[in-house]
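S.K.: For the sequence shown, my numbering gives the first residue as 484, with consecutive numbering after it. Glycine residues also receive a C-beta, built at the ideal position from the N, C-alpha and C atoms.
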Amino acid sequence: MAFLCISDVYACVHKTLREDEVIRGLMGFDNSTTDLEMELRIQKRKKPVNLVSENLPLITFYKAPGQRETNHLVYVTEFYFNIYTGNNVEVAIDIADRINELFDDKYLNLSKGSNFKGQFITSAEDATDLENTYKYFTKLKFSFELEG
């Protein structure tokens, strides 16, 4: 039976984000940025932890429920990427645009031989209760080819 290891997907997405030079620049990362700092600012979760001004900009990402296609070897799900900034609309949108560039119509390989392709769905400003914080999101659909 075909199986998708979700932890591999999250690891691949996180690695793609933290190693991209454009994202690194927009996030303010440099060669002295530690792995822990990157983990605090690029989070694999829906609700961010330590969402304070010192940790902005911040990206969170998570998957929505998905399903197998008619071809049982294809699994489709949506991923949400939330971007928080200290009221910097331009940076938030630039980060969202770069995320879309990294994943839209691109194939990424997973460690166990499967791969997946992204497709941009939508993006928009989103409400947040946090004072002096701007939130923008982008949503992509990922299609996974499962190993049989």
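#1: Suppose contacts are defined by Cβ-Cβ distances below 8 Å. Is E561 in contact with I604 by that definition?
#2: Please report the straight-line C-alpha distance between C495 and K530, rounded to a whole angstrom.
#3: Which residue or residues does DSSP assign as beta-bridge partners of D587?
#4: Span of the beta strand (DSSP E) holding V559?
#5: Where are the beta strand (DSSP E) runs, 3 residues long or more, that stay fully inside the segment 513-557, in chain order?
#6: Given a cut-off of 8 Å on the beta-carbon distance, is the pair L500 and I566 in contact?
#7: Consult DSSP for E628 and reduce its assignment to one of helix, strand or coil.
#8: For D587 versus G601, is the C-beta distance shorter than 8 Å?
#9: Roughly how far, in whole angstroms, is the beta-carbon of L523 from the beta-carbon of F627, given that I think they are within contact range, below 8 Å?
#10: Quick one: grab the DSSP three-state call for A575.
#11: Rounded to whole angstroms, what is the Cα-Cα separation between A547 and Y617?
#12: List the whole-angstrom C-beta distance separating S606 from K622, where the pair is believed to meet the contact cut-off of C-beta under 8 Å.
M.R.: Working from what's here:
#1: Within the sequence shown, the letter at position 78 stands for residue 561. Within the sequence shown, the letter at position 121 stands for residue 604. Taking 8 Å as the Cβ cut-off, E561 and I604 qualify as a contacting pair.
#2: On the sequence shown, residue 495 is found 12 positions in, with the first residue counted as 1. On the sequence shown, residue 530 is found 47 positions in, with the first residue counted as 1. Cα to Cα, the separation comes out at about 20 Å.
#3: The residue you call residue 587 lines up with position 104 of the sequence shown. Beta-bridge pairing links D587 to G601.
#4: Looking up residue 559 in the sequence shown gives position 76. V559 -> beta strand (DSSP E) spans V557 to T568.
#5: 541-546
#6: As a position in the sequence shown, residue 500 is number 17, starting the count at 1. As a position in the sequence shown, residue 566 is number 83, starting the count at 1. Taking 8 Å as the Cβ cut-off, L500 and I566 do not qualify as a contacting pair.
#7: Taking the sequence shown and counting its residues from 1, one reaches residue 628 at position 145. Here E628 sits in strand by DSSP.
#8: The residue labelled residue 587 in the question sits at position 104 within the sequence shown. The residue labelled residue 601 in the question sits at position 118 within the sequence shown. A contact, by the Cβ cut-off of 8 Å.
#9: Counting from 1 along the sequence shown, the entry for residue 523 is found at position 40. Counting from 1 along the sequence shown, the entry for residue 627 is found at position 144. 28 Å between Cβ atoms; not a contact.
#10: As a working mapping, residue 575 is identified with position 92 in the sequence shown. Looking at A575 - three-state DSSP - the assignment turns out to be helix.
#11: On the sequence shown, position 64 is the one that residue 547 refers to. On the sequence shown, position 134 is the one that residue 617 refers to. In a straight line, the C-alpha of A547 is about 23 Å away from that of Y617.
#12: By one-based count along the sequence shown, residue 606 stands at place 123. By one-based count along the sequence shown, residue 622 stands at place 139. In this structure, S606 and K622 form a Cβ contact; the two beta carbons are roughly 7 Å apart against a cut-off of 8 Å.
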